[in-house]
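S.K.:
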Amino acid sequence: MDRDGIAAVVADLTLAEKVGLVHGAEDVEGTATGFVPGVERVGIPPIRLTDGPLGVRTDDPATAFPSSPALAATFDPDLAERFGRALGREATARGQDILLGPGTNLIRVPHCGRNFEYFSEDPVHAGAFAAAVTEGVQSAGVVATPKHYVANSQETRRAEVSAEVDEPVLRELYLPAFRDAVEAGAGSVMSSYNRVNGTYASEHEWLLTDVLKGEWGFDGYVVSDWFGTESVVDSANAGLDLQMPGTSVEELIESMGVAPDAAAEQMDGDTAGADSAAAVDDTAAAVDSAAADDAEGAGGEGEEAAPEGPFDAAEDSPFAGGMPDPTSGGRYATELGPAVERGDVPESRLDDMVTRILRSLDAVGHLDDEAGGDNEANGDDEASGDEAAGALDTPEHRDLAATIATRGTVLLKNDGALPLADDADVAVVGPNVDEALLGGGGSSEVTPFVRTTPREGIEARADGAVTVAHGLPRVEGISMFEAMDDAGDPEVGTGGLDGDAGDPEGGPGDPGSVDADGDAERSVDIEGAASAAADADVAVVFVRDRATEAADRDSLRLPGRQDDLIAAVADAADRTVVVANASGPIETPWRDAVDAVLAAWYPGQAHGEAAAAVLYGDADPGGRLPVTFAPEDAYPTADERRFPGVDGEAVYDEGLLVGYRHFDATDAEPTYPFGHGHSYAEFRYEGVEAVGPSTVETTLSNVADRPGREVVQAYVGVSDTPAAPDVPDERARPPRELGGFAAVELAPGESATVEIDLDERAFGRYDASAGWTVDAGEYVVEVGRSSRDRRGSATIER
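Quick note: the sequence shown uses the UniProt record's numbering, first residue 1, plus one each step.
1. Could you name each continuous beta strand (DSSP E) segment of 3 residues or more that falls completely within the stretch 624-653, going from the start of the chain to the end?
2. So with Cβ pairs under 8 angstroms, would you call D545 a contact of chain C?
3. Per DSSP, what kind of secondary structure is Q562 in: helix, strand or coil?
4. Quick one: is D595 buried, meaning 16 or more other Cβ sit within 10 Å of its Cβ, or exposed?
5. Near P722, which residues of its chain fall below 7 angstroms by C-beta distance, leaving aside the five closest residues on each side in sequence?
6. What residue ranges within the stretch 393-435 form continuous beta strand (DSSP E) runs of no fewer than 3 residues, ordered along the chain?
7. How would you label P748, buried or exposed, when you count the other beta carbons within 10 angstroms and need 16 or more for buried?
8. Report the residue ranges of all alpha helix (DSSP H) runs contained in full by the stretch 548-609; include only those spanning at least 4 residues, in chain order.
9. Just the Cα atoms here: how many angstroms apart are L15 and G220?
10. Quick check: the stretch 595-609 against the stretch 633-651, are there 3 or more CB pairs under 8 angstroms?
11. Tell me R195's beta-bridge partners as DSSP assigns them.
12. Helix, strand or coil for S328, going by three-state DSSP, please let me know.
13. Taking buried to mean at least 16 other C-beta atoms within 10 Å of its own C-beta, is V772 buried or exposed?
14. Check this for me: beta carbons of S231 and S191, under 8 angstroms apart or not?
15. So, using beta-carbon positions, are T104 and F178 closer together than 8 angstroms?
16. Could you give the C-beta distance for T699 and E686, rounded to a whole number, given that I count them as a contact under 8 angstroms?
17. So, at 6 angstroms on beta carbons, what are the nonlocal neighbours of T467 in its own chain, with the 5 sequence-adjacent residues on each side left out?
18. Determine the closest residue to M244 out of Y672, H23 and L657, with distance taken between C-alpha atoms.
19. Considering only the beta carbon of each residue, do A611 and G408 sit closer than 8 angstroms?
20. Hey, is the stretch 74-83 in contact with the stretch 399-407, meaning 3+ C-beta pairs nearer than 8 angstroms?
21. Grab me the residues of T229's own chain with a C-beta within less than 6 angstroms of its C-beta, minus the 5 sequence neighbours each way, in chain order.
22. Note down the Cα distance separating N89 from V450, rounded to an integer number of angstroms.
23. Suppose you measure from the CA of E750 to the CA of N702; what does that come to, to the nearest Å?
24. Output the distance between the C-alpha atoms of G214 and D759, rounded to the nearest integer angstrom.
25. For the candidate residues T156, T209, P338 and N197, whose alpha-carbon lies nearest to that of V233?
26. On the premise that A529 lies in contact with G471, defined as a C-beta separation below 8 angstroms, what is that separation, rounded to the nearest angstrom?
27. My output table needs one value for N105: the three-state DSSP class, helix, strand or coil.
28. Suppose contacts are defined by Cβ-Cβ distances below 8 angstroms. Is P146 in contact with V189 by that definition?
29. Can you tell me whether P589 is buried or exposed, with buried defined as 16 or more other CB within 10 angstroms of its CB?
30. Between which two residues does the alpha helix (DSSP H) carrying T92 extend?
31. Under the three-state reduction of DSSP, which class applies to V233: helix, strand or coil?
32. Would A794 and E689 be called neighbours here (beta carbons separated by less than 8 angstroms)?
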């Protein structure tokens with residue numbers, strides 16, 4: 001359907017029909033996160049929206065892919081495009097038209113509970129992955145929805161906090177990844193819950209209309225987050241096109257035929273997948289397809305108060321103070337029509353809202369006689385048979401999940417302990433070795449068809465003896481759905497996400513200690529784990545953090561006594577390898593005592609398979625850090641004004657000095673820098689040359705006797721960048737910024753010329769009065785293995 005055809009359809013709609021297309025409604029089939037009934041009279045079919053960023057989240061199983069930092073750690077946008085295409089196919093197979101992802105926010109706060117859904121602390125890196133995933137989803141005939149626009153850097157009180165950030169910083173750090181996704185063809189953008197400089201994102205005309213739709217030329221639609229619409233007239237006039245979920249939470253509960261006081265019991269379902277076989281207390285069914293699928297909340301501190309409803313949490317719960325207004329979901333449904341009739345919202349604006357929605361749906365074939373994407377028409381020459389139809393649980397998707405998990409694993413340290421010998425006797429240690437860690441809690445939870453645990457993966461691969469020692473009770477995951485289900489329970493309603501989780505002696509916040517197989521409660525036995533490690537050739541210790549949408553992590557330390565477990569095992573074992581499954585950065589106080597450390601993120605359904613492949617050297621640990629690892633007090637957000645904020649404001653006055661930029665500008669020493677990661681091979685860099693105004697090249701050689709994968713990174717800086725102490729943070733230029741990267745696989749003895757095209761934004765800066773500018777002068781382009789390990793440089797004149 002062309003634009004004239006869409007215009008004719010919109011002109012034929014009644015006011016009520018138009019209003020009905022710009023807000024959600026009850027999905028009687030219960031298969032979608034969000035639902036719009038359509039208008040059968042004019043041939044507009046129903047519209048279904050689904051989570052999410054790590055896999056298609058419905059009541060049925062789907063492929064549980066690794067977390068977004070794992071994908072970003074591959075530094076391979078082509079792999080990300082394949083991932084997006086797989087998401088689109090699985091959404092199509094579920095009858096879903098719109099995917100609520102990718103998560104596109106910059107990782108500013110290392111404690112953010114939702115970092116496992118986001119890509120990177122660098123805007124060029126994050127933008128490359130947001131664009132690639134978006135392109136893949138759209139190519140499969142599904143509308144992609146980059147979220148949460150914009151400056152949604154924390155979960156703590158996110159429904160009310162104001163991100164106080166100046167325009168140049170917004171332009172250079174927080175907006176670029178969204179622009180990249182829009183330029184990749186995103187048909188939708190989701191607004192965030194938070195305020196930006198005092199105005200809610202859902203009613204921020206400058207962000208939604210002036211920048212997104214005006215400057216960037218975005219002709220798709222803006223959808224609210226669930227229960228994230230603070231007004232009708234202001235939101236509609238500002239540029240919010242589609243409100244979700246379209247009803248209040250009370251109406252949703254009533255539609256389920258459940259008394260409000262029994263709603264929590266109905267929230268116990270089997271869709272939550274955050275903790276594999278024992279997934280996060282199974283708390284997701286009633287709110288799955290309605291109130292909470294992408295609803296977002298936050299954490300706070302204070303005196304305990306009794307919760308009043310499924311969106312209320314005790315005041316000292318980590319979820320308190322940030323859940324959205326549960327009565328706000330139906331505002332467009334009841335108030336938009338009268339506002340148009342009064343003239344408060346021009347009918348031309350309503351027409352534009354409908355037009356944008358239809359235009360995005362038409363672009364993916366949803367308004368055609370046969371809805372859904374045409375893989376062949378979109379240039380997808382890999383699709384065939386069931387794969388082309390969007391079938392679920394294909395061998396291709398299983399292999400893709402495993403590839404992302406292995407290629408995204410980062411070898412942080414290796415003192416000769418890895419790869420393991422095939423015949424080594426291995427002690428597999430850790431409280432959660434009998435589980436596949438699928439992801440964090442919240443709207444991205446996925447239940448997979450299959451999963452492999454670390455224990456299973458190593459037992460299947462090892463030729464030597466394998467012993468298992470848990471050492472600690474199971475470290476439970478946590479989900480925002482618990483805030484709706486168990487808000488008044490002391491185990492959920494008090495304390496934080498970390499502290500003594502998984503330790504029966506820990507106190508408030510301990511979510512329990514029943515292991516994944518349903519065995520009897522385990523007690524602490526660190527001494528037994530150390531003994532098992534002493535009897536083996538090598539001990540492999542698996543540890544994890546806890547993260548969820550709607551609350552931030554209290555600490556970057558591992559929860560419970562996992563640090564103690566690692567220290568005891570390292571003291572007893574001949575060799576100790578630590579595999580850290582985490583949502584983002586963690587502290588590693590034991591790193592000098594162990595022989596190898598792997599950052600393996602949340603690996604998804606292929607957890608055990610991928611871990612064994614990397615540990616035994618069947619796959620090179622090809623990942624590089626998309627975030628800086630450092631002690632938590634070394635990050636700029638250690639200042640409480642910046643995070644979690646004071647008096648309702650989180651001040652972004654660190655300016656451009658986020659992530660590695662901060663550490664480079666202040667000469668602070670990170671534990672492991674951005675871009676860091678070892679290979680089992682060894683690479684030599686020879687020369688760096690500028691071969692154009694925005695291109696550099698270097699010669700890379702694999703000088704090892706085994707194949708390997710290297711990520712060549714190029715950083716752009718200027719020689720006269722002012723030192724951070726000489727200027728206020730908000731005006732300081734970082735010494736260097738990532739300009740581009742290339743992932744290269746080389747056989748033993750092989751060499752290759754690696755060419756890197758540099759992003760123009762690495763040369764530019766944004767001035768509030770002059771806009772984007774590139775200062776004339778000499779730019780130094782440094783090429784190497786990380787932001788700190790740079791092997792050569794060239795200069796480019798601008």
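Beta carbons: idealized from backbone N, C-alpha and C, even for Gly.
M.R.: In short, the structure shows the following:
1. Annotation note: the stretch 624-653 contains the following uninterrupted beta strand (DSSP E) runs of length 3 or greater, listed N- to C-terminal: 649-651.
2. Protein chain content of the structure displayed is limited to a single chain, and chain C is not contained in it.
3. Sequence index remark: in the sequence shown, residue 562 carries index 562 (1-based). Three-state DSSP puts Q562 in a helix.
4. To locate residue 595, count along the sequence shown from 1; it is residue 595. With 16 or more other Cβ atoms within 10 Å, it is buried.
5. Residue mapping note: residue 722 aligns to position 722 of the sequence shown, counting from 1. At P722, the pLDDT of 46 sits below 50, so the modelled position is not reliable and the matter cannot be decided from this model.
6. Listed in chain order, they are 410-414 and 426-429.
7. In the sequence shown, the residue the question calls residue 748 occupies position 748. Answer is exposed; the Cβ neighbour count stays below 16.
8. Uninterrupted alpha helix (DSSP H) stretches at least 4 residues long and entirely within the stretch 548-609 occur at 562-572, given in chain order.
9. Counted from its first residue, the sequence shown places residue 15 at position 15. Counted from its first residue, the sequence shown places residue 220 at position 220. Spanning the alpha carbons of L15 and G220 requires a straight line of approximately 21 angstroms.
10. With a cut-off of 8 angstroms, the stretch 633-651 and the stretch 595-609 do not count as touching, because too few Cβ pairs lie within range.
11. The count along the sequence shown starts at 1 and reaches residue 195 at position 195. DSSP lists S162 and Y200 as partners of R195.
12. The residue given as residue 328 occupies position 328 in the sequence shown. Reduced to three states, the DSSP call for S328 is helix.
13. For the purposes of this step, residue 772 is taken as residue 772 along the sequence shown, with counting starting at 1. A small correction: the amino acid at residue 772 is Trp; Val does not occupy that position in the sequence shown. Classification for W772: exposed.
14. In the sequence shown, the residue the question calls residue 231 occupies position 231. In the sequence shown, the residue the question calls residue 191 occupies position 191. S191 is positioned such that its CB atom lies no closer than 8 angstroms to that of S231.
15. As a position in the sequence shown, residue 104 is number 104, starting the count at 1. As a position in the sequence shown, residue 178 is number 178, starting the count at 1. The answer is yes: Cβ separation under 8 angstroms.
16. Mapped onto the sequence shown, residue 699 falls at position 699. Mapped onto the sequence shown, residue 686 falls at position 686. Cβ-Cβ separation between T699 and E686: approximately 4 angstroms, consistent with a contact (criterion under 8 angstroms).
17. As a first step, residue 467 must be located in the sequence shown, where it is residue number 467. Result list for T467: A427 and A532, in chain order.
18. Here residue 244 is taken as the residue at index 244 of the sequence shown, counted from 1. The residue among Y672, H23 and L657 with its C-alpha nearest the C-alpha of M244 is H23.
19. Locating residue 611 in the sequence shown gives position 611, where the first residue counts as 1. Locating residue 408 in the sequence shown gives position 408, where the first residue counts as 1. Cβ distance not < 8 angstroms, so A611 and G408 don't count as in contact.
20. Segment contact: the stretch 74-83 against the stretch 399-407, three or more CB-CB distances shorter than 8 angstroms; contact assigned.
21. If you number the sequence shown from 1, residue 229 lands on position 229. Taken in chain order, the residues that qualify are S202, S235, Q243, S328 and R331.
22. As a working note, residue 89 is residue 89 in the sequence shown. As a working note, residue 450 is residue 450 in the sequence shown. According to the sequence as given, residue 89 is Arg; it is not Asn. Looking at the two C-alpha atoms, the distance is approximately 18 angstroms.
23. Here residue 750 is taken as the residue at index 750 of the sequence shown, counted from 1. Here residue 702 is taken as the residue at index 702 of the sequence shown, counted from 1. Spanning the alpha carbons of E750 and N702 requires a straight line of approximately 6 angstroms.
24. The residue labelled residue 214 in the question sits at position 214 within the sequence shown. The residue labelled residue 759 in the question sits at position 759 within the sequence shown. The straight-line gap from Cα to Cα measures roughly 23 angstroms.
25. The sequence position of residue 233 within the sequence shown is 233, counting from 1. Ranking T156, T209, P338 and N197 by Cα distance to V233 puts P338 first.
26. As a first step, residue 471 is located in the sequence shown; it is residue number 471 there, counting from the start. As a first step, residue 529 is located in the sequence shown; it is residue number 529 there, counting from the start. Indeed they touch by this definition, with Cβ atoms about 3 angstroms apart.
27. Counting from one through the sequence shown, the residue named residue 105 turns up at place 105. Here N105 sits in coil by DSSP.
28. For the purposes of this step, residue 146 is taken as the residue at position 146 of the sequence shown. For the purposes of this step, residue 189 is taken as the residue at position 189 of the sequence shown. Taking 8 angstroms as the cut-off, the beta carbon of P146 is found closer than this to the beta carbon of V189.
29. Locating residue 589 in the sequence shown gives position 589, counting from the first residue. It is exposed - the Cβ of P589 has fewer than 16 other Cβ atoms within 10 Å.
30. Walking along the sequence shown from the start, residue 92 turns up at place 92. Note, T92: alpha helix (DSSP H), P77 to A93.
31. Indexing the sequence shown from 1 puts residue 233 at position 233. Helix, per DSSP.
32. For this step, residue 794 is matched to residue 794 along the sequence shown. For this step, residue 689 is matched to residue 689 along the sequence shown. Closer than 8 angstroms, so yes.
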